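Q: Once you've had a glance at the structure underneath, I'll fire off some questions.
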Amino acid sequence: MREFTATVDFWGVRKDVRLDIVDEPVAPGDYILNHVGFAIRRIPPESVAETLALYETLLEGDDTDLMTGDVRAEIAGTS
Amino acid sequence: MNDIPLQFRDPNLARSLAATLARLVGDLGRPAAVMHVCGSHEQAIAKFGLRSLFPKALDVIMGPGCPVCVTDVPEVDEGVLIAAQGARIATFGDMLKVPGTVRSLADAQALGAKIDIIYSPKQAVDLARKTTEEVVLFATGFETTAVATAAVILDNPPPNFSVLSAHKYIPPVMEIVAEMPGSRIEGFLAAGHAATITGSAVFEEFVERHGVPVVIAGFEPNDILAGLVELVELIRAGTPRVVNMFPRCVTREGNLAAQQQLWRVFRSTGGRWRGIAHVPNGNLRLRDEFAHVDARRRFPIDLSSLWDYAPPALAGQCICGDIMAGIRNPRDCRLFNRECVPENPVGACMVSNEGTCKIWHLYGGVPDLEASA
Amino acid sequence: MSTDRGTQTFQSAPPSGRLEGLPHTVSLKQGGGGRAMRALIEKLFVRDFAALPFDGVGVGAMDDGAAIRIGEEWLVITTDSHVIHPIVFPGGDIGKLSICGTVNDLAMMGATRVLGLTCSVILEEGFALESLEAIQRSMLAACIEANAPVITGDTKVMGRGEVDGVVINTCGIGLTRTLVRDNALRAGDRILVTGSIGEHGLAVMATRHGIEIDGELVSDVAPLNSLIETIVADVTAMKDPTRGGVASALHEMASKSNVGIVLDERAIPVLPPVRSVGELLGIDPLHVANEGKALIGVRAELAESVLARLRAHPLGRRAAIIGTCVAERPGSIILDTGFGRRLLAEPEGEPLPRIC
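The following block contains the structure:
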């Protein structure tokens with residue numbers, strides 16, 4: 065990391081990303097949302113589980129779909 | 134990070150969300166139309182074949198969400214005229230073939246103009262630092278991309294760098310679409326990355342004014358399906374409000390640092406969006422304080438020099454505007470897949486990878502394979 | 551801006567009508583390996599040349615090369631001009647590319663034994679001799695790997711700015727008993743790919759766009775003749791997915807064979823860095839060039855055996871069965887994404903990074 069630039073690992077590929085407009089301080093190890101070579105958001109790691117939990121609530125009460133149960137178990141396993 | 138996209142791309146979760154969506158649309162008991170306003174949404178829908186998962190009674194319309202498609206003809210002309218003066222134009226790949234009054238940037242390039250394809254506005258500045266030639270960033274895109282342009286302008290670019298801004302601002306055009314007579318749109322799916330910048334609050338007044346729900350969604354297949362589930366739920370319940378289904382990136386107030394830089398560099402002004410209408414406050418132009426990097430002030434641009442050329446007759450038959458407004462679809466266009474093809478586009482929607490016509494063309498002239506089989 | 555180049559000398563040529571539907575001047579996309587290029591070649595060159603008397607597989611077939619019957623065997627001829635920016639890229643350079651490209655075109659028609667190659671080089675005044683030597687060295691290494699000798703050549707130098715660095719043309723001749731075409735797929739045939747896709751195109755594009763890759767993403771440029779030799783007797787159709795990628799090559803095979811192809815997207819091998827760079831630049835790995843891969847059609851009952859032989863070879867370790875030919879929708883490629891099915895587009899020209 066340098067003052068306004070960070071090297072970001074995109075699933076095995078590194079690329080420099082500008083930090084001029086990111087919403088909060090970024091530290092090595094953080095996830096970011098990249099748009100045209102600029103970080104526009106530090107993604108709090110816990111928010112991923114939060115989103116998946118949100119999707120889970122959408123499926124609630126939908127017991128007509130047999131697969132729903134499996135998927136819920138799957139989400140619980142990964143988050 | 135490896136597993137994040139995989140979770141949002143899990144086909145089993147997708148099928149469950151699709152089943153829920155079908156049940157909700159069934160409960161609604163009537164056909165409904167919703168609109169997304171982002172090329173990346175259409176891209177993901179097309180790429181993953183999601184339309185084959187949508188219920189038949191739910192019409193998911195692509196709105197004016199392709200920044201390249203709504204770049205107006207005179208804006209392309211400005212780029213072509215600046216290139217003709219010998220400046221290097223740095224721009225995104227999609228812009229190359231967008232037709233101007235007489236020629237596109239690709240035509241200009243074939244005649245000797247220097248056009249550089251970039252991935253990030255930063256590359257345009259890097260290019261300017263490496264040369265003494267004038268480098269003009271032909272900047273297109275919505276607010277998400279405009280903040281990147283603002284950042285490079287605020288970061289002391291070299292004196293041979295300037296910006297031709299064709300940036301557009303999404304919220305005002307949603308007003309236009311919602312107010313169009315005969316609009317069937319009952320809800321909007323808003324773009325996750327634009328909302329990352331603007332925050333979800335920007336849509337609250339819109340919902341109040343028009344009484345239609347707005348759901349903010351991300352770009353993975355399951356983000357989109359979950360967004361649609363929530364949107365149909367809100368339509369069914371008759372409780373229009375803003376719901377943020379992309380909480381891993383979007384907050385209510387958005388990215389304040391980015392907003393501050395955006396509005397320090399740009400002001401919104403009315404202007405034409407290609408094929409749509411005059412959109413009040415829909416264009417982002419450089420403030421006077423940044424006149425020194427404004428290509429419109431640095432280069433003489435005499436658009437009237439192009440007016441001797443009659444616009445191509447076919448352009449008059451193009452219905453891109455109605456398509457982007459969600460009133461008609463490409464198959465209603467008499468040019469679609471006949472005179473108008475990606476090799477020889479009439480309207481910008483056939484140029485950009487995010488244009489409805491291009492996407493329909495690429496996917497066989499129909500967005501939904503099952504329906505046509 | 552300069553005036554249109556190439557117009558002065560030919561202004562008085564009578565209009566032939568063949569240029570109808572083509573743009574007035576040549577554009578870059580007409581060299582991109584997609585539909586624009588095919589339209590140019592078909593309208594401008596193939597129509598008249600294919601009408602000249604010739605006994606064999608000629609220019610009208612628009613295959614990877616031509617074939618002439620000689621006794622029990624086929625003499626296969628192919629030619630290819632190589633231009634690439636940058637001339638050195640991760641995993642190779644223009645020299646290696648110029649040998650492998652031609653060797654592979656011969657192999658795609660079944661000619662895995664290369665009799666000889668020609669090599670024409672056009673150089674720009676000022677080109678560093680050291681670079682030229684490096685190019686020659688990698689050509690030599692590729693010749694040794696492919697067991698393919700360069701047997702004649704030509705050198706021209708042009709003024710500064712008249713050509714971009716170096717252009718290499720190679721022509722290859724080979725012999726085969728089994729002539730393989732790209733138009734003989736039948737419904738029911740399986741489609742195999744000899745390895746992971748998209749590496750060459752995205753490695754080159756990543757270099758152009760300053761994306762740093764830690765030696766993980768390199769071009770797949772390699773001579774395929776020794777790999778193809780192990781399976782050539784059992785294939786019904788073959789093509790190498792170079793410019794335009796897998797999408798373009800399969801479209802060509804499907805439309806020439808009058809079949810549809812259903813592809814299972816999840817079965818197509820794509821290395822993680824290829825996927826990442828593709829996502830970053832908004833480019834589908836199915837649309838970019840490979841320089842060391844082949845698409846192979848085989849009868850369903852032979853698919854497993856061909857797959858096993860491919861995987862036994864170092865260049866075929868990641869080979870996979872990726873699709874099936876169907877009678878429906880001839881000329882179309884149907885992609886099963888795991889979410890739903892959609893048509894796979896044939897790229898128009900070289901893909902460019904997009905924005906949203």
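Residue numbers (our numbering), protein chains in the order written: chain A, 65 to 143; chain E, 134 to 506; chain L, 551 to 906. Here a beta-carbon is modelled for each residue, glycine too, at the ideal position from N, C-alpha and C. Remember, it's a predicted structure, so these values are computed and weren't measured experimentally.
(1) Bridge partners for C875(L) per DSSP, in chain order?
(2) Specify the secondary structure class of S505(E) as computed by DSSP and reduced to three states.
(3) Give every residue of the same chain whose Cβ lies closer than 7 Å to the Cβ of G608(L), excluding the five residues on either side of it in the sequence, and list them in chain order.
(4) Can you look up Y95(A) in the DSSP assignment and give me helix, strand or coil?
(5) Just curious, the beta strand (DSSP E) that L893(L) is in, first and last residue?
(6) Determine, using beta carbons only, whether S173(E) and A279(E) come nearer to each other than 8 Å.
(7) Does any residue of chain L bring its CB to less than 8 Å from the CB of V90(A)?
(8) Taking C-beta pairs closer than 8 Å, name the residues in chain E that G101(A) reaches, listed in chain order.
(9) Under the assumption that P835(L) contacts E766(L) (Cβ atoms under 8 Å), give the Cβ distance between them as a whole number of angstroms.
(10) Following the continuous beta strand (DSSP E) through I250(E), name the residue where it begins and the one where it ends.
(11) By Cβ distance below 6 Å, which residues in the same chain neighbour D790(L) in space, the five residues on each side in sequence not counted?
(12) Nearest chain A C-beta to M228(E) closer than 8 Å, yes or no?
(13) List in chain order: all unbroken beta strand (DSSP E) runs of 3+ residues lying wholly within the stretch 290-378 of chain E.
(14) Here's the rule: buried if 16 or more other CB atoms are within 10 angstroms of the residue's CB, otherwise exposed. What is F595(L)?
(15) How far does the alpha helix (DSSP H) with W396(E) in it reach, from first residue to last?
(16) Select from the stretch 882-893 of chain L all residues with a C-beta closer than 9 Å to any C-beta belonging to chain E, and list them in chain order.
(17) Kindly say whether D84(A), judged by its beta-carbon, lies nearer than 8 Å to any beta-carbon of chain E.
(18) Give the range of the alpha helix (DSSP H) segment to which H750(L) is assigned.
(19) Should the stretch 427-442 of chain E be regarded as contacting the stretch 210-218 of chain E, the criterion being three or more beta carbon pairs within less than 8 Å?
(20) Give me the residue from P254(E), L161(E), V206(E) with the minimum Cα distance to K189(E).
(21) Determine the extent of the beta strand (DSSP E) in which K789(L) is found, giving its start and end residues.
(22) Kindly indicate if chain E contains any beta-carbon less than 8 Å away from that of D94(A).
(23) Beta-carbon of H837(L) versus every beta-carbon of chain E: anything under 8 Å?
(24) From L83(A) to T331(E), what does the alpha carbon distance come to, in whole angstroms?
(25) On the criterion of 16 or more Cβ atoms from any shown chain inside 10 Å, does V72(A) qualify as buried, or is it exposed?
(26) Find out if the Cβ-Cβ distance for the pair C202(E), A481(E) is shorter than 8 Å.
(27) Rounded to whole angstroms, what's the CA-CA distance from S776(L) to R471(E)? Just pull it up for me.
(28) Residues in its own chain within less than 7 Å of A869(L) by CB, not counting five upstream and five downstream?
(29) Please identify the residue among A424(E), S401(E), R461(E), V426(E) whose C-alpha is closest to the C-alpha of C275(E).
(30) Please state whether DSSP places T142(A) in a helix, a strand or coil.
(31) Between the C-alpha atoms of L97(A) and R710(L), what's the straight-line distance to the nearest angstrom?
(32) Express the C-alpha separation of S631(L) and L830(L) in angstroms, rounding to a whole number.
(33) Quick one: what's got a C-beta closer than 6 Å to R105(A)'s C-beta in the same chain, skipping five residues either side?
(34) Helix, strand or coil: how does DSSP classify E829(L) here?
(35) How about the stretch 569-589 of chain L and the stretch 234-248 of chain E: do they share at least three Cβ pairs that are nearer than 8 Å?
(36) Determine the burial state of N135(E): buried for a count of at least 16 other Cβ atoms within 10 Å of its Cβ, exposed for fewer.
A: In brief:
(1) I811(L)
(2) Confidence at S505(E) is low in this model, with a pLDDT of 41, below 50, so the placement of that residue should be treated as unreliable; the coordinate-derived value is given next. Looking at S505(E) - three-state DSSP - the assignment turns out to be helix.
(3) A600, A616
(4) strand
(5) 891-893
(6) no
(7) no
(8) Y252, S253, P254, K255, Q256, A281
(9) Not confirmed; about 15 Å, so no contact.
(10) 248-251
(11) N654, M658, A844
(12) no
(13) 294-300, 318-324, 347-350, 375-377
(14) exposed
(15) 389-398
(16) S882, I884, L885, D886, T887, G888, F889, G890, R891, R892, L893
(17) yes
(18) 749-758
(19) yes
(20) L161(E)
(21) 787-789
(22) no
(23) no
(24) 17 Å
(25) buried
(26) yes
(27) 45 Å
(28) L742, V743, T744, G745, L857, L860, R861
(29) Reading the sequence as shown, one finds Phe at residue 275(E) and not Cys. With distances taken between Cα atoms, F275(E) lies closest to S401(E).
(30) Residue confidence is low: T142(A) scores 37 on pLDDT, short of 50, so the model does not pin down where it sits. Its coordinate-derived value is still stated next. Three-state result, T142(A): helix.
(31) 44 Å
(32) 30 Å
(33) D87, L97
(34) helix
(35) yes
(36) At N135(E) the pLDDT is 42, less than 50, meaning the model places this residue with poor confidence; the figure from the coordinates comes in the next sentence. Under this definition N135(E) is an exposed residue.
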